[in-house]
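Chains as they are written, first to last, in the numbering used here: chain S, 1225 to 1355; chain C, 4 to 181. Backbone N, C-alpha and C fix where the C-beta goes; we use that ideal spot for every residue, glycine too.
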Amino acid sequence: TVGCVAVDANGNLATATSTGGLVNKMVGRIGDTPIIGAGTYANALCAVSATGRGESIIKHTIARDVAALMDYKGFSLEKASNTVITKSPQGDVGLIAVSADGEVTMPFNSTGMFRACATQDGYREVGIWSD
Amino acid sequence: MGWAIALHGGAGEISRSLPLDKKQPREATLRRCLDLGISLLKSGRTPLDVVELVVRELECCPHFNAGRGSVLTSDGTVEMEACIMDGNSQECGAVSGVSTVVHPISLARLVMEKTPHMYLAFDGAEAFARTQGVEIAEKSYFITPSNQERLKLAKQSKSSDYNTEATPTENEGDSHLG
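Given below as structure tokens:
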């Protein structure tokens, strides 16, 4: 799976996700991260793209939950994302997210996640594992 | 407040013993795509354009599981999915089960912008792609020798990824999720 989330200096947000799914999946299987609300979601608060085991991501509505925690509980992007990842099946899920305020986060509970990010203030990160 | 961008190339059982020939091209692609996204944001392109164009680049990389390099179904075929969403308008588009579209993410955006619907799948998505004149390729374009080998190994170990965790040795330290 690949994905990208972005916010411009005016707080406009967008997300995109694309995938081939799972090795040896059944023909006709739909069930990965590019399901709207499950692995891919954006509103006026944040943009999220998830990756990992699609069935877990759909059942737990990963991307929408991040937005909902920000909207209904007033969580920051980082707190909302970490909460969702912590409560998701361990080993199954990672996500990237940006907020309208220009925050960025990339938590995961799998062994690793191929990821990269940058912000206007000069922060830049490219990584695979947790360290 | 300021611009920000993040991108991923999948998550899962990625062993720390991942061979350099699998690690380096992926890191290089992540850096190149990050630079592309930064450049697009600095030039004033909309976030919707940015995420589409960055994902298009990732779909071209055979080392990631999307577009060219997508993993194979049990029949050895490719069935891709993509989704795009705009935060302000909450307009969105998605496709599933496409097998000849070079950039599924752009087809998803066309579903969002050119149809009254938000999700097309399989034959309907393929037919819509033809009406829009998007780039099409032979199915062999998407299938890499590496993914043929991964399918072979998965079948030999009777794993479907749903219930059997391949060890790092079995999958050469490569992720088989996401």
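Query, Result
"N-terminal and C-terminal residue of the alpha helix (DSSP H) that C/ALA31 is part of", "23-45"
"Interface flag, S/ALA1304 vs chain C, CB-CB below 8 Å", "no"
"Within 8 Å, strictly: CB atoms of S/SER1242 and C/ILE8", "no"
"DSSP three-state assignment for C/CYS64, whether helix, strand or coil", "coil"
"Neighbour flag for C/GLU16 against chain S, beta carbons, 8 Å", "yes"
"Partner residues on chain S for C/GLN93, Cβ-Cβ distance less than 8 Å", "ALA1266, ASN1267"
"Closer than 8 Å to chain C by CB, S/PHE1338", "yes"
"C-beta contact flag for C/LEU61 and C/ASP52 at 8 Å", "no"
"Under 7 Å (Cβ pairs) to chain S, residues found in the segment 49-69 of chain C", "THR49, PRO50, LEU51, VAL53, VAL54, GLU55, VAL57, VAL58, LEU61, GLU62, PHE67, ASN68, ALA69"
"Where S/TYR1347 sits in the DSSP three-state scheme", "coil"
"Option in C/HIS120, C/SER92, C/ARG71, C/GLY90 with minimal Cα separation from C/THR103", "C/ARG71"
"Own chain residues within Cβ distance below 7 Å of S/ARG1348, not counting five before or after", "ALA1342"
"Within 8 Å, strictly: CB atoms of S/VAL1229 and S/VAL1272", "yes"
"Min CB distance S/MET1294 to chain C below 8 Å", "no"
"Neighbour flag for S/PHE1332 against chain C, beta carbons, 8 Å", "yes"
"DSSP state of C/ILE87 mapped onto helix, strand, coil", "strand"
"Where the beta strand (DSSP E) containing C/SER18 begins and where it ends", "Element bounds for C/SER18: n/a, residue is neither H nor E."
"Which listed residue (C/SER92, C/LEU113, C/GLN93) has its alpha carbon closest to that of C/GLN135", "C/LEU113"
"Straight-line Cα distance separating S/ASP1345 from S/ALA1351", "At residue 1351 of chain S the sequence reads Gly, which differs from the Ala that was named. So the alpha carbons of these two residues sit roughly 19 Å apart."
"Cβ-based burial, C/SER143 [other Cβ within 10 Å; buried from 16]", "exposed"
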